[in-house]
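Only one structure is covered here, and it is reproduced in the block below.
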Amino acid sequence: MGELLAAVGIGACAWLAWRFLATTAGRRRGVAAAGAGACLLLSAFCFWLWYDLYLIRDFNELGRDYDPVDQVVYTDSGFVWIVPALLLLAAGAWLAWRARRR
123 MGELLAAVGI GACAWLAWRF LATTAGRRRG VAAAGAGACL LLSAFCFWLW
173 YDLYLIRDFN ELGRDYDPVD QVVYTDSGFV WIVPALLLLA AGAWLAWRAR
223 RR
């Protein structure tokens, strides 16, 4: 549940940043470029979290993976990190396109 709330929080912050940058990016090239860089950096971070918490795990039929070294049980709820990663990637690509176009 905590991962889902964190993903929703990151998504909400990205949406607010996108709304701010969408209104100012049309007037300033530097703002669009900075917004694109920030979105792409956050997207890379979310992709790394998705990879680390979901993609490399070998889940059983109950959706759990036990790490005997760290003695931690991972659940398959880490897949939610792909949603903000893709949204931030799309926003970053759009802002980069707008910055390059001007």
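Under this note's numbering, think of the first position of the sequence shown as 123, with each following residue one higher. Every residue gets a Cβ at the ideal spot worked out from N, C-alpha and C, and that includes glycine. What you are looking at is a predicted structure, and each value in this text was computed from that prediction instead of being measured.
Same chain only: Cβ atoms within 6 Å of residue i, ignoring 5 sequence neighbours per side
i    : result
V195 : R186 and Y188
Option in the options with minimal Cα separation from residue i
i    : options                   : result
C161 : F142, Y173 and L177       : F142
P190 : D198, S199 and D180       : D180
F201 : L164, R151, L171 and G157 : L171
L163 : A221, L210, R222 and D192 : L210
R222 : A166, L208, G157 and I204 : G157
Residue i, DSSP secondary structure in three states
i    : result
V191 : coil
R186 : strand
Alpha helix (DSSP H) segment containing residue i, residue limits
i    : result
R223 : I204 to R223
F169 : R151 to W172
Same chain, Cβ closer than 7 Å to residue i, five either side skipped, listed in chain order
i    : result
P206 : A129, I132, G133, A136 and C168
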